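> Residue numbers (my numbering): 40 to 553.
We put the beta carbon where it would ideally sit given N, CA and C, even for glycine.
Quick caveat, the model's predicted, so the values are computed rather than measured.
Below is a structure I'd like to ask you about.
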RNA sequence: GCUCCAGUGGACAAACGGUUAAGUCACCUGUCUUUCACACAGGAGAUUGCGGGUUCGAAUCCCGUCUGGAGUACCA
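Laid out in structure tokens, this is it:
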């Protein structure tokens, strides 16, 4: 087999959502696995849909995900340019060639005339009539018009397009790596536009010409392209490139959590769930789409999660390093059915990666989320907190919610019920003694604190339930969390003393007001 | 409507004609901890969309049917 060359070919019409990233990922994984080349091609043939900044977004998003490109607009390569608008001049000649060979024709119909045709031919059985072998005879094109009529149109500089001439009653079969043989009847195809009035090619034309000259070996793309593939096969055939036609591989769609329809950008915004790798701001529409990065996901976790949406290695292993993923990946094992997007599973993957990350590294990742709240802890302190809290947060963003008491004072208590029920003002003096005895410890280590507290409880004939929850609340504001002795040790004796003092006072007040 | 694709516990899925249909997430219980999380142990949840057929044997092959999705643009 010739060398593997695959491309990811998005349109710069906005941010790339998670489905696009997964398509890029499978292309990337396949390229790396086979020692092939991974290419990014920007498909910007529709000038009306061009969105400022989208191309840069795509580049940055792929970078954040760690999907390194071998050839791209940024990096260049021997098969450039990599932006279709920069390749504009290449396409017309092949469309013209098809006309010359009798496989395409010029058409002069206005959009209104085409709408009119569809309106006229519409029946309940066929609500979307095609521009095809059956209808083209009644339209304005070089197949239906006389030489004089065509000349008149051309002399008047009537805008024209080029359409593919699809012959009726042909069976078109192609092999798809995930679906096997797929067959379409040419009667179902319409005479697709190849070259638009503005001289730009349509997706179909540009795609085939580019894939051919970029020597693409495998077209790995979303399932939404499956039904236009027979048109593409025809194009390869009529252009005389069928013997080097790439292999097709149509990936299952990523569905909304309810399984109804493919995941959309609006869905994520509606549910407050990230469906984009990184955040996207559209100032003109005043829209903000949240990203996995900003929500505190690690790129490796997102990639691992995405890899499993539509593929699995057939073993029980689920957590993979980026390299491990490359080794394990296999297009043959890609699923046929669409997979629903499940943010819960994404969070689980992220937690797994957080737990694996060493504290110093984790501290660096978490730092922006802490600094965003106005705190500048030392690396050492932050690392200590991370070490302790590691398995208690699913996203970097959650870190703050679960660990804020390491950085700022406790101002409220998440469990006032227990205070009203079980805080005993008559034990207050004893609690203050506890405070002093902890504070007198020579080494403020978790073990020392723990034995001191336990000793105290025994001596005073108190119960753990009368003491521990209140220490916890006073120190951290919550009854949940890591070992309270570890927490106290990290905070230090001074801070702990201060918090106990304040907490006990607050508890009295809460009790009084109850 | 038409064409194509798909349909295994709530979600992701394994099993590619052969014992009681793996495993993960989510859920519940227990151990640990007077907390939470992690970890470990256990539990509940599936007549493989439905109906036929082929076969000694079907989630797997065939036919039909239903449901869902995609496409049906001078958008990609």
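1. Give the straight-line distance between the Cα atoms of residue 70 and residue 199, rounded to the nearest whole angstrom.
2. With residue 214 as the anchor, note down where its beta strand (DSSP E) starts and where it stops.
3. Does the stretch 419 to 430 come within contact of the stretch 451 to 470, defined as at least 3 CB pairs closer than 8 angstroms?
4. Is the beta carbon of residue 328 sitting closer than 8 angstroms to the one on residue 341?
5. Would residue 333 and residue 347 be called neighbours here (beta carbons separated by less than 8 angstroms)?
6. Beta strand (DSSP E) containing residue 232: first to last residue?
7. Mind reading off the beta-carbon distance from residue 58 to residue 93? Whole number of angstroms is fine, and I expect it under 8 angstroms.
8. Are the beta-carbon atoms belonging to residue 232 and residue 133 less than 8 angstroms from one another?
9. Is it true that the CB of residue 510 sits closer than 8 angstroms to the CB of residue 480?
10. With DSSP as the reference, identify every bridge partner of residue 319, one or two as the case may be.
11. Would the stretch 266 to 277 count as touching the stretch 202 to 212 if we require 3 or more Cβ pairs under 8 angstroms?
12. Can you have a look at residue 246 and say buried or exposed, based on whether 16 or more other CB atoms are within 10 angstroms of its CB?
13. According to DSSP, which residues form a beta bridge with residue 257?
14. For residue 412, count the other beta carbons within 10 Å of its own beta carbon; 16 or more makes it buried, fewer makes it exposed. Which is it?
15. Residue 240 by DSSP, collapsed to three states: which one?
16. Within the continuous alpha helix (DSSP H) that includes residue 535, where are the two ends?
17. Taking C-beta to C-beta, are residue 380 and residue 302 nearer than 8 angstroms?
18. If I follow the unbroken alpha helix (DSSP H) through residue 183, where does it start and stop?
19. Nearest-angstrom Cα distance between residue 49 and residue 257?
20. From what residue to what residue does the beta strand (DSSP E) around residue 201 run?
21. If you reduce the DSSP assignment to three classes, tell me which class residue 219 lands in.
22. Going straight from the alpha carbon of residue 437 to that of residue 335, what length do you get?
23. Does DSSP put residue 80 in a helix, in a strand, or in coil?
24. What number of angstroms, rounded off, separates the C-alpha of residue 168 from the C-alpha of residue 157?
25. Under a three-way DSSP split, which group does residue 444 fall into?
26. Using alpha carbons as the reference points, say which of 476, 299, 402, 117 lies closest to residue 19.
27. DSSP on residue 294, reduced to helix/strand/coil?
28. Taking residue 78 as the reference, give the member of 121, 42, 99 with the closest Cα.
29. Could you give the uninterrupted runs of the alpha helix (DSSP H) lying entirely in the stretch 345 to 396, keeping only those of 4 residues or more?
30. If you pair each beta-carbon of the stretch 132 to 148 with each one of the stretch 165 to 185, do three or more pairs fall below 8 angstroms?
31. Tell me the rounded alpha-carbon separation between residue 46 and residue 522.
32. Check whether the Cβ atoms of residue 407 and residue 422 sit closer than 8 angstroms, and answer yes or no.
33. Provide the residue(s) that pair with residue 301 in DSSP beta bridges, ordered along the chain.
34. Out of curiosity, what's the CA-to-CA distance linking residue 154 and residue 292?
35. For a minimum of 4 consecutive residues, which ranges assigned as the alpha helix (DSSP H) are wholly contained in the stretch 434 to 503?
36. Considering only C-alpha positions, which residue in the set 503, 221, 60 is nearest to residue 317?
So, to answer that:
1. Here residue 70 corresponds to residue number 31 of the first chain, with the count starting at 1. Here residue 199 corresponds to residue number 160 of the first chain, with the count starting at 1. Near 40 angstroms, if we compare the C-alpha coordinates of residue 199 and residue 70.
2. Position 175 of the first chain, counted from the first residue, corresponds to residue 214. First-last of the beta strand (DSSP E) with residue 214: 210 to 215.
3. no
4. Start at 1 with the first residue of the first chain, and residue 328 comes out as number 289. Start at 1 with the first residue of the first chain, and residue 341 comes out as number 302. No, Cβ-Cβ distance for residue 328 and residue 341 is not below 8 angstroms.
5. Mapped onto the first chain, residue 333 falls at position 294. Mapped onto the first chain, residue 347 falls at position 308. No.
6. As a working mapping, residue 232 is identified with position 193 in the first chain. Per DSSP, residue 232 belongs to the beta strand (DSSP E) from 232 to 234.
7. Within the first chain, residue 58 is the residue found at index 19, counting from 1. Within the first chain, residue 93 is the residue found at index 54, counting from 1. Between residue 93 and residue 58 the Cβ distance is about 16 angstroms, and since that is not below 8 angstroms, they are no contact.
8. Counted from its first residue, the first chain places residue 232 at position 193. Counted from its first residue, the first chain places residue 133 at position 94. No.
9. Numbered from its first residue, the first chain carries residue 480 at position 441. Numbered from its first residue, the first chain carries residue 510 at position 471. The answer is no: Cβ separation not under 8 angstroms.
10. Here residue 319 is taken as the residue at index 280 of the first chain, counted from 1. DSSP output for residue 319 lists 328 as bridge partner(s).
11. yes
12. Counting from 1 along the first chain, the entry for residue 246 is found at position 207. That one is buried.
13. Taking the first residue of the first chain as 1, we reach residue 257 at position 218. According to DSSP, which records beta bridges pairwise, residue 257 is partnered with 45, 286.
14. Against the first chain, residue 412 aligns to sequence position 373. Exposed, because fewer than 16 other Cβ atoms sit within 10 Å of the Cβ of residue 412.
15. Position 201 of the first chain, counted from the start, is the residue given in the question as residue 240. Looking at residue 240 - three-state DSSP - the assignment turns out to be strand.
16. Sequence index remark: in the first chain, residue 535 carries index 496 (1-based). Where residue 535 is concerned, the enclosing alpha helix (DSSP H) stretches over 532 to 552.
17. As a working mapping, residue 380 is identified with position 341 in the first chain. As a working mapping, residue 302 is identified with position 263 in the first chain. Contact: yes.
18. Counting from one through the first chain, the residue named residue 183 turns up at place 144. Where residue 183 is concerned, there is no enclosing alpha helix (DSSP H), given that its DSSP letter is neither H nor E.
19. Residue numbering aside, residue 49 sits at position 10 when the first chain is read from its first letter. Residue numbering aside, residue 257 sits at position 218 when the first chain is read from its first letter. Approximately 16 angstroms, taken between the alpha carbons.
20. Here the question's residue 201 lines up with position 162 in the first chain. Note, residue 201: beta strand (DSSP E), 200 to 203.
21. Along the first chain, read from residue 1 onward, the residue named residue 219 stands at position 180. DSSP places residue 219 in strand when its eight states are reduced to three.
22. On the first chain, position 398 is the one that residue 437 refers to. On the first chain, position 296 is the one that residue 335 refers to. Taking the straight line from one Cα to the other gives about 8 angstroms.
23. Your numbering for residue 80 matches position 41 in the first chain. In this structure, residue 80 counts as coil in the three-state DSSP scheme.
24. Within the first chain, the letter at position 129 stands for residue 168. Within the first chain, the letter at position 118 stands for residue 157. Spanning the two alpha carbons is a distance of roughly 5 angstroms.
25. Against the first chain, residue 444 aligns to sequence position 405. Three-state DSSP puts residue 444 in a helix.
26. Residue 19 lies beyond the residue range present for the chain, which begins at 40 and ends at 553; the question has no answer from this structure.
27. In the first chain, residue 294 corresponds to position 255, counting from 1. Looking at residue 294 - three-state DSSP - the assignment turns out to be strand.
28. For the purposes of this step, residue 78 is identified with residue 39 of the first chain, where counting begins at 1. Checking every option, the nearest Cα to that of residue 78 belongs to 121.
29. 361 to 367, 382 to 395
30. yes
31. Position 7 of the first chain, counted from the first residue, corresponds to residue 46. Position 483 of the first chain, counted from the first residue, corresponds to residue 522. Between residue 46 and residue 522, the C-alpha separation is close to 51 angstroms.
32. As a working note, residue 407 is residue 368 in the first chain. As a working note, residue 422 is residue 383 in the first chain. Not in contact: residue 407 and residue 422 (Cβ atoms no closer than 8 angstroms).
33. If you number the first chain from 1, residue 301 lands on position 262. Answer is 294.
34. As a working note, residue 154 is residue 115 in the first chain. As a working note, residue 292 is residue 253 in the first chain. Cα to Cα, residue 154 sits roughly 31 angstroms from residue 292.
35. 435 to 442, 455 to 461, 467 to 478, 485 to 498
36. Residue 317 sits at position 278 when you count from the first residue of the first chain. Among 503, 221, 60, the Cα nearest to that of residue 317 is on 60.
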